[in-house]
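Q:
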Amino acid sequence: MFLFLKAVSAEELSSCKEEVHMTLRGEGLDKKDFFGKSDPFLVFYKANEDGLYTITYKTEFIKNTLSPKWRPFTVPVRTLCNGDLDRSIKVECYDWNSNGSHEIIGSFLTNLRELSQRGCSFELINEQRKLKKGKKYKNSGTIFLDDYKSVPVYSFIDYITGGCQLHATMAVDFTASNGNPMDPKSLHFNNPSYPNQYETAIRSVGEIIQDYDSDKLFPALGFGARLPPDGRVSHEFFLNGHTDNPYCEGVEGILSAYKHSLNTVQLYGPTNFAPIINHVARFAMERRGGTDYFILLIITDGIITDMPQTKAAIVNAARLPMSIIIIGVGNADFADMDILDGDDVRVSHNGVEAERDIVQFVPFLEFTAKRPGDTLISTQARLAKEVLAEIPEQFTSYMKARGIKPRPPLERGSSLASGVGLPS
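Numbering (UniProt numbering), first residue to last: 1 to 424.
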């Protein structure tokens, strides 16, 4: 049950919780291009235990200059030197060439302790030129550190143990493409012996999230159905049948409300996501101070029919403390869901790009296919791990962008800090 946050905790505890911001420039660099000057860029390496070096960061190259000023950049301390202030850092300066045969200008050795002394400078040394020129050789240019700043990096666990509340909303697809719930082939078929894909998804995610929600009350909504008594189509109705209270008590309450709706609404269509996203966004808009974070879980079988409106809703939601998880059930074409996921190309609408990636798409069957020795519990755990994989990064990206720091850890006994293997 606690696989998700235990895994996050182990990873975060092993990292150094700082990052450094640096601004570097060069002067008097060697001229390398026959018809011009040089196109310099820097490559940072950290020393390994075996004495070899591993690349940790590379700057952009700057065209035709011997006095480059590179853009400010940020590197985690863990990446730069494994958190060891005295670990050797090698910096090489190259002349960029379009064919990939970049030519070394020079290099220097330093460490993070030395870099933290603001205003330092380093001579670039080219060993081949030094050997060739002998005593006449001075250097191949100088690199100046114009700005250095070390700032703390707060983790997902820091915020959760500080009392930030996770609020999960479940949204279920009730469009006709799911099939008649009375038909065993339907994705909504109520099999008393084994849960359907919707039930498995609700339980897999809900059983984790409910342990980090103090009141364990979850809004559960449906979309794409005709509602009694007049048959109007709704894309944000409450699964429990109430008109003014969408909350369900725990996972069992959500599942009970889901079954209630299956017995009372008529599956219809189309498959519209925007109303549900905007519904949750209205609540997130009211709680932007870092004490609350909202997770919308959409479980769907079909091809989305309001793509432009959904993109607009996602662009708006990306400014809020909110993440969206889409679980695709069945065997439909989920190409549009990959577009919304935004891992390769950030979602945009009318030329406005989403501030951050807040959507994670998971194809249900891909992560629940039977494996040797599988049980229902192991299948649910595998699905939950994948579904929640991007939440910590999405969460901290929101907090970091707004300069929100976590509060001190809650006392033991809190619903968030006790009994879950989190640091006290």
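Beta carbons are placed, not taken as given, at the ideal position from N, Cα and C, and that holds for glycine.
1. Take the Cβ of Arg203 as the centre, count every other Cβ of all protein chains shown within 10 Å, and call the residue buried at 16 or more, exposed below.
2. To which residues of the same chain is Gly28 closer than 7 Å at the C-beta, ignoring the five residues directly before and after it?
3. What are the start and end residues of the alpha helix (DSSP H) that includes Cys81?
4. Using DSSP with H/G/I as helix, E/B as strand and the rest coil, what is Ser268?
5. Measure the alpha-carbon distance for Pro72 versus Phe144 and round it to whole angstroms.
6. Between the Cα of Thr200 and the Cα atoms of Lys405, Pro392, Asp147, Ser378, which residue gives the shortest distance?
7. Going by DSSP, what residue range makes up the alpha helix (DSSP H) through Gly205?
8. Considering only DSSP beta bridges, list what Asp173 is partnered with.
9. For Arg118 and Tyr148, which I take to be in contact (beta-carbon distance under 8 Å), what is that distance rounded to the nearest angstrom?
10. Pick helix, strand or coil for Ile327, following the three-state DSSP scheme.
11. Taking the alpha helix (DSSP H) that Arg282 falls in, what are its first and last residues?
12. Anyone know if the C-beta pair for Ile325 and Val362 falls short of 9 Å?
13. What first and last residue would you give for the alpha helix (DSSP H) that runs through Tyr159?
14. Once you ignore the five residues that flank Asn178 on each side, which residues in its own chain have a CB closer than 7 Å to its CB?
15. In chain order, what are the residue ranges of uninterrupted beta strand (DSSP E) at least 3 long that sit wholly in the stretch 348-412?
16. Taking one C-beta from the stretch 159-168 and one from the stretch 43-53 each time, how about it: are there three or more such pairs within less than 8 Å?
17. In the structure shown, what three-state DSSP assignment does Gly106 receive?
18. Alpha carbon to alpha carbon, what distance is there between Ser397 and Gly328?
19. Per DSSP, what kind of secondary structure is His167 in: helix, strand or coil?
20. Taking Cβ positions, are Ala257 and Ile209 nearer each other than 9 Å?
21. Confirm, please, whether the CB-CB distance from Ser116 to Leu80 is below 9 Å.
22. Excluding the 5 residues preceding and the 5 following Gly342 in the sequence, name in chain order all residues of the same chain whose CB lies nearer than 6 Å to its CB.
23. Anyone know if the C-beta pair for Gly241 and Asp173 falls short of 9 Å?
24. Using 8 Å for Cβ pairs, my map puts Phe218 next to Tyr247. What's the rounded Cβ distance?
25. What's the call for Gly269, buried or exposed, on a 16-neighbour Cβ count within 10 Å?
26. If I measure Cβ to Cβ from Ile104 and keep anything under 7 Å in the same chain, skipping five residues before and after, which residues do I get?
27. Just to confirm the assignment, what range does the alpha helix (DSSP H) spanning Leu145 have?
28. Please list, in chain order, all residues of the same chain as Ser88 whose beta carbon is under 7 Å from its beta carbon, the five residues on each side excluded.
29. If you measure between the beta carbons of Thr271 and Gly330, is that distance less than 9 Å?
30. Identify which residue in Pro392, Phe364, His349 has its Cα closest to the Cα of Met322.
31. Roughly how many angstroms lie between the CA atoms of Ser38 and Ala171, to the nearest whole one?
32. Within 10 angstroms of its Cβ, does Leu365 collect 16 or more other Cβ (buried), or is it exposed?
33. Going by beta carbon distance, what residues of the same chain come within less than 6 Å of His349, once the five residues before and after it are set aside?
34. Just grab the DSSP bridge partners of Met322 for me.
35. Straight-line CA distance for Glu18 to Ser155?
36. Suppose contacts are defined by Cβ-Cβ distances below 9 Å. Is Pro409 in contact with Met399 by that definition?
A: Taking the structure as given:
1. By the neighbour-count rule (16 or more Cβ atoms within 10 Å), Arg203 is buried.
2. Short of 7 Å from the beta carbon of Gly28, and not among the five residues preceding or following it, lie these beta carbons of its own chain, in chain order: Leu66, Gly141, Thr142.
3. Following the DSSP letters along the chain, one finds Cys81 inside the alpha helix (DSSP H) bounded by residues 77-81.
4. Correcting the residue type first, residue 268 is Tyr in the shown sequence and not Ser. Assignment of Tyr268 by DSSP, reduced to helix, strand and coil, places it in the strand class.
5. Roughly 13 Å between the two C-alpha positions.
6. The residue with the shortest Cα to Cα distance from Thr200 is Ser378.
7. In the sequence on display, residue 205 carries Val and not Gly. 197-209 is the extent of the alpha helix (DSSP H) around Val205.
8. Listed as beta-bridge partners of Asp173 by DSSP are Phe223.
9. Between Arg118 and Tyr148 a beta carbon distance of about 5 Å is seen, short of the 8 Å cut, so the two are scored as contacting.
10. Three-state DSSP puts Ile327 in a strand.
11. For Arg282, the uninterrupted alpha helix (DSSP H) segment begins and ends at 274-285.
12. By the CB criterion at 9 Å, Ile325 and Val362 fall inside the cutoff.
13. That run of the alpha helix (DSSP H) goes 156-161.
14. Counting only residues of its own chain and dropping the five nearest sequence neighbours on each side, Asn178 has a CB closer than 7 Å to the CB of Ser186, Leu187, His188, Leu267, Asp301.
15. Within the stretch 348-412, the runs of beta strand (DSSP E) at least 3 residues long that lie entirely inside it are, in chain order, 359-363.
16. Between the stretch 159-168 and the stretch 43-53 there are fewer than three inter-stretch CB-CB distances shorter than 8 Å, so the stretches are not counted as touching.
17. Correct three-state label for Gly106: strand.
18. Spanning the alpha carbons of Gly328 and Ser397 requires a straight line of approximately 25 Å.
19. Looking at His167 - three-state DSSP - the assignment turns out to be strand.
20. Contact: no.
21. Annotated as distal: Leu80 and Ser116, with beta-carbon spacing of 9 Å or more.
22. Asp357, Val359, listed in sequence order.
23. Not in contact: Gly241 and Asp173 (Cβ atoms no closer than 9 Å).
24. Between Phe218 and Tyr247 a beta carbon distance of about 7 Å is seen, short of the 8 Å cut, so the two are scored as contacting.
25. Gly269 should be labelled buried.
26. The residues are Glu92, Tyr94, Asn126.
27. From DSSP, Leu145 is part of no alpha helix (DSSP H) but of the beta strand (DSSP E) over 142-152.
28. Take Ser88, set aside five residues on each side of it, and the residues of its chain with a beta-carbon closer than 7 Å to its own are Ala47, Leu109, Asn111, in chain order.
29. Thr271 places its beta carbon 9 Å or farther from that of Gly330.
30. In terms of Cα proximity to Met322, the closest of Pro392, Phe364, His349 is Pro392.
31. Roughly 57 Å separates the two Cα atoms.
32. Its Cβ having fewer than 16 others within 10 Å, Leu365 is exposed.
33. Correct list, in chain order: Lys311, Ala312, Val315.
34. Phe294, per the DSSP bridge assignment.
35. Looking at the two C-alpha atoms, the distance is approximately 10 Å.
36. No.
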